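*Asks:*
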Amino acid sequence: MTTTTRTQPSYARLALILGTLAAFGPLSIDMYLPALPTIAEEFGATTAAIQQTLSAFFIGLALGQLFYGPISDRVGRRAPLLVGCAMYTAVSLGIMFAPSVSWLMGLRFLQALGSSAGVVIGRSVVRDRFDERESARMFSFLVLVMGIAPITAPLIGGQLLVLFGWRSIFLVLAGFGVLCFVMVWLWLEESLPHARRTTTGLGSVMRGYGALLVDGRYMGFALAGGLASAAMFAYISGSPFVFIELNGVPPAQFGFFFGANAFGLIAASQLNRWLLAYYTSTQILVVALSVTAGAALLLLVATLLGVGGFPLMLVLLFVTIASTGMVGPNAMALALAPYGRRAGSASALLGATQFAAGALAGALVGLLANGTALPMASVIALCSVVAWLAMRLLALRKDNAPRLAAS
107 MTTTTRTQPS YARLALILGT LAAFGPLSID MYLPALPTIA EEFGATTAAI QQTLSAFFIG
167 LALGQLFYGP ISDRVGRRAP LLVGCAMYTA VSLGIMFAPS VSWLMGLRFL QALGSSAGVV
227 IGRSVVRDRF DERESARMFS FLVLVMGIAP ITAPLIGGQL LVLFGWRSIF LVLAGFGVLC
287 FVMVWLWLEE SLPHARRTTT GLGSVMRGYG ALLVDGRYMG FALAGGLASA AMFAYISGSP
347 FVFIELNGVP PAQFGFFFGA NAFGLIAASQ LNRWLLAYYT STQILVVALS VTAGAALLLL
407 VATLLGVGGF PLMLVLLFVT IASTGMVGPN AMALALAPYG RRAGSASALL GATQFAAGAL
467 AGALVGLLAN GTALPMASVI ALCSVVAWLA MRLLALRKDN APRLAAS
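Each residue of the sequence shown is one higher than the last, beginning at 107 in the working numbering.
1. Using a Cβ-Cβ cutoff of less than 7 Å, which residues in the same chain neighbour Met338 once the five nearest sequence positions on both sides are dropped?
2. Which of the three DSSP states is assigned to Ala467 in this structure?
3. Can you tell me whether Leu500 is helix, strand or coil according to DSSP?
4. By a C-beta neighbour count over all protein chains shown, 10 Å radius and 16 as the cutoff for buried, is Arg119 buried or exposed?
5. Between which two residues does the alpha helix (DSSP H) holding Thr152 run?
6. Quick one, are the C-beta atoms of Met497 and Val348 less than 8 Å apart?
7. Tell me the rounded alpha-carbon separation between Val355 and Leu319.
8. Looking at Tyr174 and Ile227, is the spacing between their C-beta atoms short of 8 Å?
9. Tell me the DSSP secondary structure of Ser116 in three-state form.
10. With a floor of 4 residues, list each alpha helix (DSSP H) that falls wholly inside the segment 353–418, ordered by position along the chain.
11. Tell me, please, whether the segment 475–493 touches the segment 404–421 by the rule of three or more beta-carbon pairs shorter than 8 Å.
12. Quick check on the DSSP output: the alpha helix (DSSP H) that includes Leu277 runs from which residue to which?
13. Taking Arg243 as the reference, give the member of Leu172, Thr386, Gly472 and Ile257 with the closest Cα.
14. Please determine if the segment 293–302 and the segment 395–404 are in contact, where contact requires at least 3 C-beta pairs separated by less than 8 Å.
15. Taking the continuous alpha helix (DSSP H) assigned at Ser208, which residues delimit it?
16. How long is the line joining the alpha carbons of Leu122 and Leu248, rounded to whole angstroms?
17. Confirm, please, whether the CB-CB distance from Leu267 to Thr144 is below 8 Å.
18. What separation, rounded to the nearest whole angstrom, lies between the Cα atoms of Pro205 and Glu148?
19. Distance check for Val491 and Thr153, CA to CA, integer angstroms please.
20. Output needed for Gly168: all residues of its chain with C-beta closer than 6 Å, excluding positions within five of it in sequence on either side, in chain order.
21. Pull up the CB-CB distance for Gly220 and Met193, whole angstroms please, since I reckon it's below 8 Å.
22. Whose CA, out of Met137, Arg503 and Phe287, lies closest to the CA of Tyr324?
23. Would Arg112 be called buried (16 or more neighbouring beta carbons within 10 Å of its own) or exposed?
24. Does the separation of the CB atoms of Gly271 and Ala358 fall below 8 Å?
25. Using CA atoms only, rank isn't needed, just tell me which of Ser230, Leu422, Ser343 and Phe130 is closest to Ser198.
26. Could you spell out the range, first to last residue, of the alpha helix (DSSP H) harbouring Thr195?
27. Nearest CA to the CA of Pro88: which residue from Ser116, Val471, Met137 and Arg313?
28. Do you know how far the Cα of Ser116 is from the Cα of Trp291?
29. Should Thr110 be labelled buried (16 or more other beta-carbon atoms within 10 Å of its own) or exposed?
30. Kindly indicate the opening and closing residues of the alpha helix (DSSP H) around Ala330.
31. What is the rounded straight-line gap between the Cα of Ala475 and the Cα of Thr126?
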């Protein structure tokens, strides 16, 4: 679980590869956000129907991780990654020819199944190589690398939309899938030796998931990180319509507003790396998640009372989203720390929790759509507060001591 042997890639190169793989999700989501109103208009669909294409992607990410995690524990990390990258590339090309919202939704689900390999197995590779503190540092570094995606993706998507139409976005995503396939094939070495691979069947996998679900400490951190991410997904789902339709932001400029929050998330994640030299992951998580919940509640109150307008909304969204740059890395590291040999399954359930909550949050924003920013603000506040409660009532309970299952 170290990076000291000569056969392993350098820390920076490993972070670059894993960060690129982790960017599957942000790129696939954020690049087509500026196009959502245009897609709705072309297909004659409602806002809620188009937002369900986001939820379909989140569901695919959640289910795919439950499959790839245990598989990677059994056969190693490289082969499932290559399969996922190939699937992602093929489906992205197929989306270019989607004739309806229903086709778009189904293909987005399949695209997410492919991309989920990069998301879950990347976390497993980190757990293969590093301990809890170093894992938190690496996860923070990954946020820096993959954080480029939320800044650049909406800008690229907006320009592609204006110049070539929304379907061109998925041609670019197919090219990204090819890039990831090549990086894994050429430069990512296997991190799980045969001696540490599992040989269990489906029944044992399901029992393993059951053991994780009743581990209060694990689920507390998983829910804390997952629901904080769900708050961000609620923002992702609602922001195109709140920004573009309600507040008149041009689609080509949407990326600048979206990128500002992504920059805040990156800055917070790098501050987290520095703070880990002086504080524990738990201490940082408590403060960061308290800030997230507090800012989200203020956003809800301001929206309900109609005070501050768009400028105050931008400030509170910035604080809410940026603080998740500290919540995510520490929650992941704390949840995965006791699990060594089952890192793939533990990482899979962690990711499934995150994206299932994200799918629910995104769907809720769409279902509650009423022509105002209130649905988005309400779901962000709900997710943030419940995340804080999960941390306090489950993860940090004294009787939920770490269960060292790193066998």
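The C-beta atom is built at its ideal place from N, Cα and C for all residues, glycine as well. Fair warning: this is a prediction, and the values are worked out from it, not measured in the lab.
*Replies:* Let me lay it out:
1. Ile427 and Thr430
2. helix
3. helix
4. exposed
5. Judged by DSSP secondary structure, Thr152 falls outside any alpha helix (DSSP H); it is assigned neither H nor E.
6. no
7. 43 Å
8. yes
9. coil
10. 357–381 and 387–411
11. The segment 475–493 vs the segment 404–421: in contact.
12. Residue range Arg273 to Trp293 is occupied by the alpha helix (DSSP H) that includes Leu277.
13. A check of alpha carbon separations from Arg243 across Leu172, Thr386, Gly472 and Ile257 identifies Thr386 as the nearest.
14. no
15. Where Ser208 is concerned, the enclosing alpha helix (DSSP H) stretches over Val207 to Arg235.
16. 8 Å
17. yes
18. 10 Å
19. 26 Å
20. The sequence shown places Ala at residue 168, rather than the Gly named in the question. So the qualifying residues of the chain are Ala458, Phe461 and Ala462.
21. 3 Å
22. Arg503
23. The predicted model places Arg112 with a pLDDT of 36, which falls under 50 and marks its position as unreliable, so this point remains unresolved.
24. Contact check for Gly271 against Ala358 fails: the beta carbons are separated by 8 Å or more.
25. Selected option, being the one with the closest Cα: Phe130.
26. Arg184 to Ile201
27. In the structure as shown, the chain begins at 107 and stops at 513. Residue 88 is therefore absent and cannot be evaluated.
28. 16 Å
29. With a pLDDT of 39 at Thr110, under the threshold of 50, the modelled position of this residue cannot be trusted, and the question is left open.
30. Gly322 to Ser345
31. 33 Å
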